[in-house]
Each structure stands twice: as C-alpha cells, then as structure tokens.
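Asks:
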Amino acid sequence: MHIAVIGGGPAGLYFALLMQQSDAQHRITVYERNRPDDTFGFGVVFSDETLNAYRQHDEASFEQITAAFAYWDAIEVRYRGETVRSVGHGFAGLARTVLLGILQRRCAELGVELHFQSELAPGAAPDADLVVIADGANSAWREHFRAAFAPRIDFRPNRFAWMGSTTPLPAFTFIFRDTPDGIWNVHAYQYAQGKATWIFESTDETWRRAGLEQADEQASVAYLERAFADDLEGHRLVTNRSVWRQFPIVRCARWVNGNMVLLGDAAHTAHFSIGSGTKLAMEDAIALYRSCRGASTVPETLARYEATRRDEVERTQHAAETSLVWFETVRRYWHMPPVQFAYSLLSRSKQITHENLRLRDPDFVDRAERWFAGGNTAAPMFKPFCLRGLALNNRVVVSPMAQYRATDGAPDDWHLVHLGARAVGGAGLVYTEMTCVAPDARITPGCTGMYRRAHVAAWRRIVDFVHARSAAKICLQLGHAGRKGSTRLGWEGMDQPLEAGNWPLVSASALAYQPGNQVPRAMTRRDMARVAAQFVRATEMAIDAGFDMLELHMAHGYLLASFLSPLTNRRRDNYGGPVENRLRYPLEVFDAVRAAWPMDKPLAVRISAVDWLPDGNQVEDAIAIARAFREHGCDLIDVSAGQTVPEQKPVYGRMFQTPFSDAIRNEVGIATMAVGNITSADQVNTILLAGRADLVALARPHLSDPHFTLNSAAEYGEQSAEWPAPYLPGRDQAFTVRGRAREELSQLRRAARPPSPNRRAPHGDDD
Ligand SMILES: Cc1cc2nc3c(=O)[nH]c(=O)nc-3n(C[C@H](O)[C@H](O)[C@H](O)COP(=O)(O)OP(=O)(O)OC[C@H]3O[C@@H](n4cnc5c(N)ncnc54)[C@H](O)[C@@H]3O)c2cc1C
Ligand SMILES: Cc1cc2nc3c(=O)[nH]c(=O)nc-3n(C[C@H](O)[C@H](O)[C@H](O)COP(=O)(O)O)c2cc1C
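Numbering (the working numbering), first residue to last: 1 to 767.
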C-alpha cells in the first residue's frame, strides 16, 4: 500500500511506524511542515493505562518512551493556602520534542520516508492509496473538505497559555489563586529534570481584568510571575509561542472521505485538563492500524476504523468536556473546604469514583469521609440530613414512580406494599408517585390523587405503615399533568390519548404535546386561580394524611413545567416571555402551598433543569429558577431534566443529570437532590462527598432492589441502618456475604490495575 500522512505529530508518526513495522513493503511518506526538532509546547502526560497499550504495539518505541519519561503518582491541590495531596494516580511526563524524536527515529529506522519542512497545501492530494490527515487541531485539510467531514468547533470561553518553568514539582500540581482580578488556575507537571509545563488558565473576564488582552509574552510572564511568585519559588517562567488561546473542542460528523481519513486532533480534541490529546492521537493510530489488518480494501478499512473508534473517542471527549467545565466554573466551588474541593476536582469527570479513589489512596478517602461525617469514617450516604424539622437517617431517596394502579385517584394495597417495602428497605426518604390535585389533573386514569376525602384515609394507611414499621420518612409529590394528561397507562401507550373518556386539558399555551394529542386550552386567570386552590386543598389533605414532606412537580412538561419552559410557554401576557415572567404562576402556586403547609415541614420543587434543546431552558435558566424558589422559601430542588417536548435530544450516561444538581447547589446555595441513572452506592457516595447534591434519588434501581440501602449498609459494614426486627436474622448473613463480596471485588480491581511500566520519580530516584 502507498500511504501519505499529512502531519508529523504523534498521530501521524505513530501510525506510520506501526504500518511500516507490520509490513516493510508499504510505501509510507510523512509530510511535516516543521523541522524535526521544531516544536511548540513543553511536556505531554500519559497514564499507566496508555503506556501499556504502547508496549503491546511497538516494544522498541515503548522502551525508549519509558526510559525518557519522569514518573510520579501524586496529585497536589494548592487551594486557599493549603496543599491537599492524593497518591496512587500513575502519570508519566515526557517532553513533546523527546516523544517526537523517538517516533521520528523509529520511523526512519523502519523505512518510513519523512519529509520535513514540507507543507502540503490542502487538496493537493498526493498520489496514494490512503491519505491520512493528521495535521492537528487547526487542520487546514479538514477545513478544505469541510463539506465531507462536517466539522463543528466550539471555542471555550476560558483563556489559557502554555508555559514552562524550572521550579521542581514533586507531583502533578493544580494551583488555584484568587487574585484581585479573579481566580487563576495552573495545571503544572514536571516532565524532565528541571523542566515543567505550567498551563495558566482563567475566565475571559479575569484575563481581561488582568490587562492581558493587549499583553505580549513578556508582559504576560511578568504578570504571572508576580501572581504565582510563591509557587515559582524564585524560578522564572519560560515561553515558547505561549500565546493566549481559547480551547477548541473539535468534533466531526464524519472522519472519512473517499481514501482520506482524519486522525488525532484534526478529527477531535480533548481538553488538556484530562491530559488525553496525545493519548487519543496515538490510540487513533493504533485503531487505524488494527483496522488495516485483515481488511481487503481502503474503504472497508476506513469504514471499520470509524465504526470501532467513535464510541471511545466520544466517551473521552465527554469526560474532557465535563472536566473543562469544572475549571470554567471553579468559582462555584470556592466555598468548599480544601479536602472537599480536592475531592470534587479529582472526581470531576466521572472517571474516578469514591471506590476507585479508595483503591488509589485509601488515606485520602478516609480523611474525606471523616470530614464529611464530622468525625467517624462512614460512607457519606449514611450521614443523616435535616430539612426544617424533618430528620432523615440517611441520604438515599426512593424517587417518585407512577404505578398506574389507582382507582379514581385512590391508592390501594398495591401502593401500600410498593411504598411500604421500599420504606422497610432502608431508604431515608420515600416519595409517592406524582399525585394529582384533581381528576382532570391526572396523567392517566390509573394515577393517584389527593382530591377526594376518601384519598386522605387511603394515604393515611400508607403513611402510618411507613412511620410505624420503618425509619423512613415519606414525601407526597403533588402535580397537575397539564397538556400531558388524559393518556393511557404507562404500559398501554405512554403519552398516547385515551381511546375513550378523554377530559379537556389546560396548559401554559395551546400547544399539543405531539401531533396525536389533544390541544390544551391556554390557561386563563380563572383557571390559574382554580388550579392553585386545588393545590392548596391537596396540601391540606396531605397534612391530614400525615405526610412528612411535600414536593411540587414542576418538571417533565407537566402543567407547572409548561410555564417554566420557553418551548411550551408562548404566552404574551406577564406569565410568558423572560424567565421572571415564566416563573410567575409556578411561584404563585408555590407561595399558596407554602402558606398552607406547616412551617416545620419541608417543601421541595422538582424541575427539569434543561430541556435538551438549544431553544429550551439551559442550566443558566435552571439556576435562575432555583434562586427564585429559594427566595420564596423552597427547601430543596429535586433536579431532573427533559421530557418537556418529545423531540428533545438528551445526552444519556451514568449520573447524567448530576452536573445540573451540582451547578444549582453550588451556585444558588440551596439543598439539591440528584437523580438519573445513578445505580450504585459508589456513585451515591461520590456525588455526596463531592458536594454535587445533598440527597440522591434512585428510581429504577429501587424497582429491582427495594432493599438497596440495607444491602449497601451490609456492603459497607454500616451499623446505623435500621433493619426491621423480623429481618434481623438476614442482616448478619448479609453483612458477611456482602462485605466479603466487596473485599473480593476490590482485590480484583487492585489486581486489574495496569502495572506501572517504569516507576521513576521526576528526579530519577525511585518513589
Ligand atoms: C495547552 C495544551 C496542553 C496539552 N497537554 C497535553 C498533555 O499533557 N498530554 C497530552 O497527551 N496531550 C496534550 N495536549 C494535546 C496534544 O498537544 C495534542 O492533542 C496532540 O499533539 C495531537 O496530536 P496530533 O498528531 O493529532 O496533532 P499535532 O501534534 O498538532 O501534530 C500535527 C502536525 O501537523 C503539522 N502540519 C500541520 N499542517 C500541515 C500541513 N499542511 N502539511 C504538513 N504538516 C502539517 C504540524 O506542524 C504538526 O507537527 C495539549 C494540548 C494543548 C493545547
Ligand atoms: C416507572 C416510572 C415512573 C415514574 N414516575 C414519576 C413520577 O410520578 N414523578 C416524577 O417526578 N418522576 C417519575 N419518574 C422519573 C423518576 O423519578 C426518575 O427521575 C427517573 O426514572 C430517573 O431516575 P433513575 O435513572 O434512577 O430511574 C418515573 C420513572 C419511572 C421509571
């Protein structure tokens, strides 16, 4: 095969060497516009996992890379005058020039033709069977063929510059400084003796306030040397084309165009805060090389490459994006004490969880747990929590789940057993399903209600059971279906209109949920007063039924949510338009309910933080909405997302809605509950300790395991969880069996950790 590679960065060179090594007959040419030792920047970082992949694919370059790098395994976080250290992270640092030198020499040795100072004009396609476009993040080739590759580039708001220093650093070091201009953060790591990368980053506002917009390299250095004098310990900053930049997130709809393929940064970028750009570039090279083996034609190879590689790249890009947002919004975490701040930083991209961190650094996790618990080490999920006069004995919540089993709104034995079993299962708080304030407020004929006197007694029976037979508390979720009402039971056609017996609907605006659904009437002032009174009546009934807490359902496109979202609220009166207006009716209902509900009992609101569409609510709107409810006396925001419109484009994943809870809790200063694809005690503990939520709700996991909390208590050896007396014989066995299973799992995880190929400290001595 004749292969032309445009760009002699890590992606292009590593691919060329792997192909040439596999078959000396290939004719491979690399075109690089720079000279061989001409490079911007300083060091690159790899993790243990990455290095092991290199060993498998080319032992010779692996040996040289590992011989050249500095290895360290600690991370230090310098914040508010304290340094928090965590160990067990396994990184290797290497000068970019050294890495490129190793790859260039290895290519030359294998017979790859390397043309330096050879810039190929975009489109001047060399005569080759395969053209690999590896010309970096600013790829002129990708832009030339943009119709085929459909790139999207998102320039992030923060400013950063890449510099160097000779200051010795014993660890991968994150430095945060609150200066009169704003917060600066530094990502710094030593990659060779006397050489360290220092990346300086701040918000655009801080950067402008610092006067750096007009500053040249010298002036920037002078400013940063002053601001970081203590950390630089008398050493100077070194520059090398250290211009201020904004990080571009590059994504392409397609990586392949005929016999051309995009590789490395040309195809996708990942923010430097997860140190994965070079790793992704070299892993692309490995993946493309593997696709070439066994495929008969170039189109087949490239199709296979794109099909097998995309998921992994998108996962890394997603993690990198979560990570960069943490740095963009670092001010949000400034109220945290150092240990929690460091924990939040380490767990920011979801790749490191509580148990994962415990494997790396048990002492750090112990310290963090002790801080969280206020003395004893205990899994965060078991720490009690109070809202007004309500004391919960742990932080796990059974999220509201419609059962579609009620008759004319009345809950029956099903609800008693369903909610009773989950209360007995150990959760601190159990939610009822959305319980509707009037017959025409129901989603389906099977939904529970709180609108007839008989409902009070039916609910009282359930509440009394929970109080008498478990340590759990119980919260009533009140709602009105709005335009999503008058539909079939969940399993008979979700959101589909009833075949017969439909009732008229109201909503913020006269917009049907989807084409087959009824068009609702836009609410008049009279309608608003009537529905608010229904909420108050239901609240009074909830008092009689003995509920501990109330939540108003203002999420998922139901009536109150329909006012909050600009997608469903098109009103021209003062209940529509900007978010302050869209909030008006939901706040009126909230105030009326708050006035009727006892002062010592908490009142929560569930919102859809985002609508998952560009024209819908975004996290900034959610923050404004949460702030308004806090000012009106709301105790907790239950942070869900979406389901406002059927054409939403949600981005699912583990704990996918938790970032919204994090934003609201830490921006607004209100208690939040996270929910959404949270499935393990490990995730619950991570969310709580990192300060992303105060409570964690699980819905579907409680359908398969009503005893989620008791089982987690057994796993963690937590004595405080209350087991019902008749179940005590099962408790001791569960503690033994689950405790042992947890220990076995951590041993397996420890064994599965990649070996550190070359544990050398930055100074060359063994660590
Ligand atoms: C501030 C910062 C810090 C970073 N830190 C890290 C880190 O710690 N660890 C890490 O792994 N990654 C890091 N990266 C990312 C890393 O630099 C890149 O992701 C990686 O180098 C991508 O490799 P590549 O081969 O795709 O592209 P590049 O390394 O950009 O290589 C592209 C090459 O193509 C050449 N070229 C361009 N156009 C042409 C043309 N028309 N003809 C011929 N040649 C051309 C260029 O001269 C260049 O040599 C960092 C990036 C930044 C911006
Ligand atoms: C069967 C079922 C019924 C649900 N009913 C309600 C409800 O009545 N009110 C509500 O706010 N959310 C409801 N939800 C959403 C859940 O409370 C929760 O937000 C969602 O399922 C995501 O959490 P999970 O990933 O833990 O399941 C329901 C979810 C399920 C699976």
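The C-beta atom is built at its ideal place from N, Cα and C for all residues, glycine as well.
Between the Cα of residue 243 and the Cα atoms of 200, 711, 486, 170, which residue gives the shortest distance?
Replies: Looking at the Cα atoms, 200 is the closest of the given residues.
Asks: If you follow the alpha helix (DSSP H) that residue 66 is part of, which residue opens it and which one closes it?
Replies: Where residue 66 is concerned, the enclosing alpha helix (DSSP H) stretches over 59–68.
Asks: Just tell me which of 508, 518, 562 has its CA closest to the CA of residue 499.
Replies: When each option's Cα is compared against that of residue 499, the closest is 518.
Asks: Name the residue from 351, 240, 141 whose alpha carbon lies nearest to the alpha carbon of residue 121.
Replies: Ranking the options by Cα distance to residue 121, first place goes to 141.
Asks: In whole angstroms, what is the alpha-carbon distance linking residue 676 and residue 658?
Replies: Residue 676 and residue 658: Cα-Cα distance of roughly 7 Å.
Asks: Residues in its own chain within less than 7 Å of residue 554 by CB, not counting five upstream and five downstream?
Replies: 560, 561, 564, 586, 605, 606, 607.
Asks: Quick one, are the C-beta atoms of residue 173 and residue 188 less than 7 Å apart?
Replies: Contact flag set, yes.
Asks: Hey, is residue 207's beta-carbon within less than 7 Å of any beta-carbon in chain D?
Replies: The displayed structure is made up of one protein chain only, and chain D is not part of it.
Asks: Given residue 264, which residues of its chain have a CB within under 6 Å of its CB, disregarding the five upstream and five downstream residues?
Replies: 11, 134, 281, 284, listed in sequence order.
Asks: Determine the burial state of residue 417: buried for a count of at least 16 other Cβ atoms within 10 Å of its Cβ, exposed for fewer.
Replies: Exposed, by the Cβ-count rule.
Asks: For the putative contact between residue 270 and residue 277, defined by C-beta atoms under 8 Å, what is the C-beta separation to the nearest angstrom?
Replies: Correct: roughly 6 Å between the Cβ atoms.
Asks: With three or more C-beta pairs closer than 8 Å as the rule, is the segment 418–426 touching the segment 468–484?
Replies: Yes, the segment 468–484 touches the segment 418–426.
Asks: My guess is that residue 791 and residue 93 are in contact by the Cβ rule of under 8 Å, so how many angstroms apart are they, rounded?
Replies: The question about residue 791 has no answer here: the residues shown for the chain are numbered 1 through 767.
Asks: Helix, strand or coil for residue 12? Go by DSSP, reduced to three states.
Replies: Here residue 12 sits in helix by DSSP.
Asks: What residue range is occupied by the uninterrupted beta strand (DSSP E) comprising residue 432?
Replies: Taken as a continuous stretch (DSSP letters only), the beta strand (DSSP E) holding residue 432 covers 429–436.
Asks: Just to confirm my understanding: we take residue 414, look at its own chain, exclude 5 residues before and 5 after, and list those with CB closer than 8 Å. What are they?
Replies: Excluding residues within five positions, the ones whose Cβ falls inside 8 Å are 403, 405.
Asks: Given this structure, state the Cα-to-Cα distance separating residue 272 from residue 161, to the nearest angstrom.
Replies: For residue 272 and residue 161, the distance between alpha carbons rounds to 11 Å.
Asks: If distances are taken between C-alpha atoms only, which option among 710, 166, 131 comes closest to residue 738?
Replies: Of 710, 166, 131, the residue nearest in Cα terms is 710.
Asks: Rounded to the nearest angstrom, how far is the Cβ of residue 355 from that of residue 682, given a contact under 8 Å?
Replies: Sure, about 5 Å apart at Cβ, within 8 Å.
Asks: Quick one: what does DSSP say residue 758 is sitting in, helix, strand or coil?
Replies: Low confidence applies to residue 758: its pLDDT is 47, below 50, so where it sits in the model is not reliable enough to give any reading.
Asks: Just the C-alpha distance for residue 148 and residue 410, rounded to the nearest angstrom, thanks.
Replies: Approximately 59 Å, taken between the alpha carbons.
Asks: Which of the three DSSP states, helix, strand or coil, is assigned to residue 3?
Replies: Reduced to three states, the DSSP call for residue 3 is strand.
Asks: Give me the DSSP bridge partner(s) of residue 92.
Replies: Bridge partners of residue 92: 46, 71.
Asks: Could you give the distance in angstroms between the alpha-carbon of residue 90 and the alpha-carbon of residue 494?
Replies: Approximately 49 Å, taken between the alpha carbons.
Asks: Tell me the DSSP secondary structure of residue 652 in three-state form.
Replies: If DSSP states are grouped into helix, strand and coil, residue 652 belongs with coil.
Asks: Leaving out the 5 sequence neighbours to the left and right, which residues in its chain are closer than 7 Å to residue 290 when beta-carbon positions are compared?
Replies: Nothing listed; no residue qualifies.
Asks: Buried or exposed, going by whether 16 or more other CB atoms sit within 10 Å of the CB of residue 389?
Replies: Answer is exposed; the Cβ neighbour count stays below 16.
Asks: By the DSSP assignment, the beta strand (DSSP E) with residue 260 in it spans what residues?
Replies: Per DSSP, residue 260 belongs to the beta strand (DSSP E) from 260–262.
Asks: What first and last residue would you give for the beta strand (DSSP E) that runs through residue 178?
Replies: Run containing residue 178: 172–179, per the beta strand (DSSP E) assignment.
Asks: Have a look at residue 664 and residue 82 and give me their C-alpha separation to the nearest angstrom.
Replies: Going by the C-alpha atoms only, they are around 26 Å apart.
Asks: So who's on the other strand from residue 401, going by DSSP bridges?
Replies: None, per the DSSP bridge assignment.
Asks: Give every residue of the same chain whose Cβ lies closer than 8 Å to the Cβ of residue 17, excluding the five residues on either side of it in the sequence, and list them in chain order.
Replies: These residues qualify, in order along the chain: 58, 61, 103, 106, 107, 110, 112.
Asks: Under a three-way DSSP split, which group does residue 507 fall into?
Replies: Strand.
Asks: When the Cα of residue 136 is compared with those of 8, 238, 194, which residue comes out closest?
Replies: Minimum Cα distance to residue 136 is reached at 8.
Asks: Does DSSP put residue 763 in a helix, in a strand, or in coil?
Replies: Residue placement at residue 763 is flagged as unreliable, the pLDDT there being 38, under the threshold of 50; the coordinate-derived value follows with that caveat. Looking at residue 763 - three-state DSSP - the assignment turns out to be coil, as it is neither helix nor strand.
Asks: What is the DSSP secondary structure of residue 151, reduced to helix, strand or coil?
Replies: In the structure shown, residue 151 sits in a strand (DSSP, three-state: E or B).
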